[in-house]
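Mapping of the sequence shown onto our numbering: residues 1036 to 1160, in sequence order. From the three backbone atoms N, C-alpha and C, an ideal C-beta is built for every residue, glycine too. Bear in mind the structure is a predicted one, so any value in this text is a computation, not a measurement. Reviewing the structure listed below.
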Amino acid sequence: MSFTKEEVRTIIKFLVLLGKSASAIHAELAQVLGEESAPGLSTVKRWAVKFREGEAEVSDAPRSGRPRTATTDNNVVLVQELLAEDRHLTVQEISLEVGISEGSVWDILHNKLQKRKKCARWAPQ
């Protein structure tokens, strides 16, 4: 049986509300989930402190950073349509047509669409 991070944090929160220490919570989680699946003691301590301080949310807070804008589903479809029309297009030509960087086009072609250049055409891998 496997648990999501949120489920494990809910268990930690419950045990904190019962007044258990972080090391006791960790021991119980390790017993129930197994040593490999249980979160580490430092993780249990961190979440126990948060819950004792009044944290109510068991999910992670949003993290800072730039969201992905170039490898969106819409751009993947655009690149796929361009290749359907002309399989001889280069990465640079696709980049100019779609309006995203060549690196993003390469990422879409290789990682999203699983295409490789063969005999001057984009073909499935």
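To the nearest angstrom, how far is the alpha carbon of A1083 from that of K1048?
For A1083 and K1048, the distance between alpha carbons rounds to 7 Å.
Nearest to A1073 by alpha carbon, out of V1126, E1042, A1155?
The option with the nearest alpha carbon to A1073 is E1042.
In whole angstroms, what separates the C-alpha of K1085 from that of K1150?
Answer to the nearest angstrom: the Cα atoms are 46 Å apart.
For A1096, count neighbouring C-beta atoms within 10 Å of its own C-beta (all shown protein chains included) and say buried if the count is 16 or more, exposed if not.
Around the beta carbon of A1096, a 10 Å sphere encloses fewer than 16 other beta carbons of the protein chains shown; the residue is thus reported as exposed.
If we require 4 or more residues per run, which alpha helix (DSSP H) segments fall completely within the segment 1046–1103?
As far as the segment 1046–1103 is concerned, its whole alpha helix (DSSP H) runs of at least 4 residues are 1057–1068, 1076–1087.
Rounded to whole angstroms, how far is the Cβ of V1111 from the Cβ of L1148, which I believe are closer than 8 Å?
With a beta-carbon spacing of about 7 Å, V1111 and L1148 fall inside the 8 Å limit used to define contacts.
List the endpoints of the continuous beta strand (DSSP E) containing V1119.
Here residue 1119 turns out to be Ala, not Val, going by the sequence shown. Not the beta strand (DSSP E): A1119 falls in the alpha helix (DSSP H), residues 1108–1120.
On the criterion of 16 or more Cβ atoms from any shown chain inside 10 Å, does A1057 qualify as buried, or is it exposed?
Buried, by the Cβ-count rule.
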